[in-house]
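Numbering (my numbering), first residue to last: 3 to 383.
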Ligand SMILES: Cc1ncc(COP(=O)(O)O)c(C=O)c1O
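Rendered as structure tokens:
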């Protein structure tokens, strides 16, 4: 059996929405994008939602509207996707890494304050695997030091922190609709914020700094004239992507429940094996279960993480590792000390992400479980 690490859940509904968009001939950002933004905003319960072409763009524009400048510092977790750090570098500002917790892989709130300096401008918590970070503590720290909180919610649709939906808590939240994400449009992203001024500015910045949206320019209501009010970016999404997003959004809760079912089944089957360390979700929050990370108890096994992945691959099971810590990359190595991130290192040596996606059959889930357990039996110390 071959099971990929991920497969987007695309049905006739998505296909028909896209065909509809192709047939009406608009293709780029237009009415479907506006409708997607409205539906997304209603689903999250946020005041504003602005669609862009990636979560990276969403994070970049978020940092732009809070006024990040050259020489500023931004606190981020040491283990995240490189986009979280990259957007800080766009401003010639410095991403300041903070180690993560061993059991949740979330930024360690007890290690944030020691990294704050007069140059610190913002914190970007990452809701790793779909589990919300410790937002109360992060907001308290941000208040004490007058910092902005930009949430990297690339994994967290939908997720709840103490009853509040992610997308309504920090100053600005950035979502991803990349192909592997819980809502997949191929590429895409969304900004949510309660701040109307920021939302309006992001709408302008996403399309060259033009004062009116292009779709208004070319539609019946519009005319040819427009103004450029600041230097912007080409970060707009397209109606084709939005069409996919609209169809995906209709089934987002169902897809989320499918993920929960898979995660619960893995947890149930793995919980009695001392060779595995299960990922912890704290009691006061609900995860989207974008990822199912599981760690190996290396002290109880004869093989390491890479060999375990190889064994799974030989049996047709796709996996991934989330994430290679930032300080391990050539580009970042020279800027940070390895020793500052013992938990990131400990996790990285042990962690594997198993397949978890809506539409996985019971047969596939059981095949993965049987093979994980079989590899353990064969390689136990
Ligand atoms: C934590 C995190 N942040 C940001 C991103 C960037 O998302 P996008 O590919 O939509 O730019 C990703 C993508 O994998 C991610 O995992």
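Every residue, glycine too, gets a C-beta built ideally from N, C-alpha and C.
Other residues of its chain near residue 359: CB distance less than 6 Å, five sequence neighbours each side excluded
Cβ contact annotation for residue 359 (same chain, cutoff 6 Å, sequence separation greater than five): 8, 9, in chain order.
Determine the direct distance from the alpha carbon of residue 29 to that of residue 95, and round the result to whole angstroms.
Taking the straight line joining both Cα atoms gives about 36 Å.
Are the region 28 to 45 and the region 234 to 251 touching by the rule of at least three beta carbon pairs closer than 8 Å?
At 8 Å Cβ cutoff, the stretches touch.
Would you say the beta carbon of residue 179 is closer than 8 Å to some non-hydrogen atom of ligand 1?
The nearest non-hydrogen atom of ligand 1 is less than 8 Å from the C-beta of residue 179.
The beta strand (DSSP E) spanning residue 79 covers which residue range?
Judged by DSSP secondary structure, residue 79 falls within the beta strand (DSSP E) whose first and last residues are 75 to 79.
Report the residue from 206, 175, 202 whose alpha carbon sits nearest the alpha carbon of residue 192.
For residue 192, the closest alpha carbon among the candidates 206, 175, 202 is that of 175.
C-beta atoms of residue 292 and residue 157 nearer than 9 Å:
In contact: residue 292 and residue 157 (Cβ atoms closer than 9 Å).
Is it the case that the CB of residue 156 approaches a heavy atom of ligand 1 more closely than 8 Å?
Within the cutoff, so yes.
On the DSSP bridge assignment, give the partners of residue 42 in chain order.
When beta bridges are read from the DSSP output, residue 42 appears opposite no residue.
Integer-rounded CB distance, given that residue 310 should sit under 8 Å from residue 327:
Residue 327 to residue 310, Cβ: 19 Å. No contact.
Completely contained alpha helix (DSSP H) runs for the region 50 to 98, where each covers 4 or more residues:
Annotation note: the region 50 to 98 contains the following uninterrupted alpha helix (DSSP H) runs of length 4 or greater, listed N- to C-terminal: 57 to 67, 85 to 91.
Delimiting residues of the beta strand (DSSP E) encompassing residue 355:
In the DSSP annotation of this structure, the continuous segment of the beta strand (DSSP E) that includes residue 355 starts and ends at 353 to 356.
Apart from the five residues just before and just after residue 46, which ones in its own chain have a Cβ nearer than 7 Å to its Cβ?
Contacts found: 167, 169, 170, 194.
Check whether the Cβ atoms of residue 448 and residue 349 lie closer than 9 Å to each other.
What the structure shows of the chain is the stretch from 3 to 383, and residue 448 is not part of that stretch, so it cannot be assessed.
With which residues is residue 371 paired in a DSSP beta bridge?
BP columns for residue 371 are empty, so no partner.
Hey, could you find the ends of the alpha helix (DSSP H) residue 247 is sitting in?
Unbroken alpha helix (DSSP H) run through residue 247: 241 to 252.
Along the beta strand (DSSP E) that carries residue 154, what are the first and last residues, could you check?
Note, residue 154: beta strand (DSSP E), 150 to 154.
When the Cα atoms are used, what is the spatial distance from residue 365 to residue 305?
Across the structure, residue 365 and residue 305 are spaced so that their CA atoms are roughly 27 Å apart.
Between the CA atoms of residue 382 and residue 303 - distance to the nearest angstrom
Near 5 Å, if we compare the C-alpha coordinates of residue 382 and residue 303.
Nearest residue (CA-CA) to residue 279, options 212, 286, 353, 285
Distance check between residue 279 and each of 212, 286, 353, 285 places 353 closest, using alpha-carbon atoms only.
Count the C-beta pairs between the region 147 to 154 and the region 115 to 131 that are closer than 8 Å, then say yes if the count reaches three, no if not.
Short answer: they touch.
Is the CB-CB distance between residue 93 and residue 65 below 9 Å?
Yes, Cβ-Cβ distance for residue 93 and residue 65 is below 9 Å.
Classify residue 23 as buried or exposed, calling it buried when 16 or more other Cβ atoms lie within 10 Å of its own Cβ.
Of the residues assessed, residue 23 falls on the buried side of the cut-off, its CB having 16 or more other CB atoms within 10 angstroms.
Where are the alpha helix (DSSP H) runs, 4 residues long or more, that stay fully inside the region 260 to 304, in chain order?
DSSP runs (the alpha helix (DSSP H)) wholly in the region 260 to 304: none.
Residue range of the unbroken beta strand (DSSP E) whose run includes residue 125:
Start and end: 122 to 125.
Regarding residue 191 and ligand 1, is the C-beta to nearest heavy atom distance less than 8 Å?
True, at least one ligand heavy atom lies under 8 Å from that Cβ.
Of all the options 88, 89, 288, 127, which has the alpha carbon lying nearest to the alpha carbon of residue 101?
The shortest C-alpha separation from residue 101 is found at 127.
Could you tell me if the beta carbon of residue 183 falls within a distance shorter than 8 Å of some heavy atom in ligand 1?
For ligand 1, a non-hydrogen atom lies closer than 8 Å to the CB of residue 183.
Please confirm whether residue 235 and residue 59 have their CB atoms less than 9 Å apart.
Result yes, Cβ atoms of residue 235 and residue 59 sit closer than 9 Å.
Tell me, to the nearest whole angstrom, how far the beta carbon of residue 319 is from that of residue 5; I am working on the premise that it is less than 8 Å.
Yes, residue 319 and residue 5 are in contact; Cβ-Cβ is about 5 Å, under 8 Å.
C-alpha gap between residue 270 and residue 67, whole angstroms:
Residue 270 and residue 67: Cα-Cα distance of roughly 45 Å.
Thinking C-alpha only, which one of 109, 116, 312, 214 is nearest residue 129?
Closest option to residue 129, Cα to Cα, is 109.
Identified DSSP bridge partners for residue 228:
None; residue 228 has no bridge partner.
What span of residues does the alpha helix (DSSP H) with residue 193 cover, start to end?
Element bounds for residue 193: not the alpha helix (DSSP H) but the beta strand (DSSP E), 191 to 195.
So residue 173 and residue 152 are in contact, right, with Cβ under 8 Å, and what is the actual spacing, rounded?
So it is a contact: roughly 6 Å between Cβ atoms.
Determine the contact status of residue 131 and residue 289, defining contact as a CB-CB distance below 9 Å.
Contact annotation: residue 131 and residue 289 have beta-carbon atoms nearer than 9 Å.
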